[in-house]
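Scroll down for the structure; my scribbles are underneath it.
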Amino acid sequence: MPILDNIRGVYHFLADRKPGGLETRPPKPFRRAAWLGDGLPLVSRVSGVSELGPAVEKCLDLLGGLEQAIGAGDRVLVKPNFNSPDPYPGSTDLGFLRVVLELLKDAGVQVLVGEGAGGIWRPTRNTVEKLGVPQLLQELGIEFIAFDAGETDWVEVPIEGQYLDRVTVPRVAYEADRMVYLSCMKTHNLARFTLSLKLSMGLV
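Rendered as structure tokens:
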């Protein structure tokens, strides 16, 4: 990464702060997972399918179909892993992102893609530009929202957490009917590995 990008990233890491005086919104009601078997979340895996698109569709069919989780007209926020400009497998594969976005559009949902890069890799738009994300979304006619301070509208939500009594989240995430996480399974120097739960770091 060029030295100028490092300097810019450190500046945003130190300077970006959520604004004060945010609108307070109540916690959203708990929703059970759409795909359950014996009360537990289902996971599907396919093999012997050489093309990504048919493989993803087969996975969804095994779970019960996309329509079981997302309905036409739903507002869906797709949250990939673009924490840094590292290519796949360090970031969400763009081919996989394309397949998921096309499936959602075909299902008649309102799709947005949002992400907040971490630490020195801010501003987020700088990171996704290096990965080629804007070109893909422009081709598909889908809007990208950067979860950086000053770039998006935030709301404050009271919670009954062990360490926090409130969190700030992007309004578009709070108001989404569904969120689709496109996480990466990879090693992490602090957490040993990282997958879907830690992907929420890009929201806060």
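Numbered according to numbering that gives the first Met the number 0, the sequence shown spans residues 0 to 203.
Positions of the beta carbon are idealized from the N, C-alpha and C atoms, including for glycine.
If you compare alpha carbons, which of the options is closest to residue i?
i: residue 102; options: 89, 70, 162; result: 70
i: residue 109; options: 122, 37, 29, 73; result: 73
i: residue 175; options: 39, 48, 78, 47; result: 78
i: residue 132; options: 104, 119, 100; result: 100
i: residue 178; options: 167, 97, 202, 192; result: 202
i: residue 91; options: 67, 126, 66, 104; result: 126
i: residue 118; options: 105, 134, 148, 107; result: 148
i: residue 25; options: 167, 183, 196; result: 167
i: residue 27; options: 198, 104, 170; result: 170
i: residue 96; options: 195, 199, 200, 182; result: 182
i: residue 31; options: 67, 57, 107; result: 67
i: residue 48; options: 19, 29, 58, 134; result: 58
i: residue 128; options: 195, 86, 200, 98; result: 86
Let's test the definition: count the other Cβ atoms within 10 Å of the Cβ of residue i and tell me whether it reaches 16, buried, or not, exposed.
i: residue 75; result: buried
i: residue 80; result: buried
i: residue 237; result: The structure shown does not extend to residue 237, since the chain is modelled only from 0 to 203, so the question has no answer here.
i: residue 190; result: exposed
i: residue 186; result: exposed
i: residue 23; result: exposed
i: residue 136; result: buried
i: residue 193; result: buried
i: residue 122; result: buried
i: residue 184; result: exposed
i: residue 198; result: buried
Mind checking whether residue i and residue j have CB atoms under 8 Å apart?
i: residue 164; j: residue 158; result: yes
i: residue 212; j: residue 156; result: No answer is possible for residue 212: the residues shown for the chain start at 0 and end at 203.
i: residue 45; j: residue 33; result: no
i: residue 130; j: residue 88; result: no
i: residue 94; j: residue 51; result: yes
i: residue 21; j: residue 154; result: yes
i: residue 61; j: residue 43; result: yes
Mind checking which residues open and close the beta strand (DSSP E) that includes residue i?
i: residue 76; result: 74 to 79
i: residue 143; result: 142 to 145
i: residue 108; result: Neither: residue 108 is in no beta strand (DSSP E) and is coded neither H nor E.
i: residue 181; result: 177 to 181
i: residue 154; result: 153 to 157
i: residue 91; result: No beta strand (DSSP E) holds residue 91; DSSP gives it neither H nor E.
i: residue 27; result: Residue 27 -> no beta strand (DSSP E), and no H or E assigned at all.
i: residue 191; result: 191 to 193
i: residue 185; result: 185 to 187
Can you tell me where the alpha helix (DSSP H) holding residue i begins and where it ends?
i: residue 129; result: 123 to 130
i: residue 53; result: 51 to 62
i: residue 170; result: 170 to 174
Within 8 Å, do at least three Cβ pairs link the stretch 141 to 150 to the stretch 104 to 116? A contact exists between the stretch 104 to 116 and the stretch 141 to 150.
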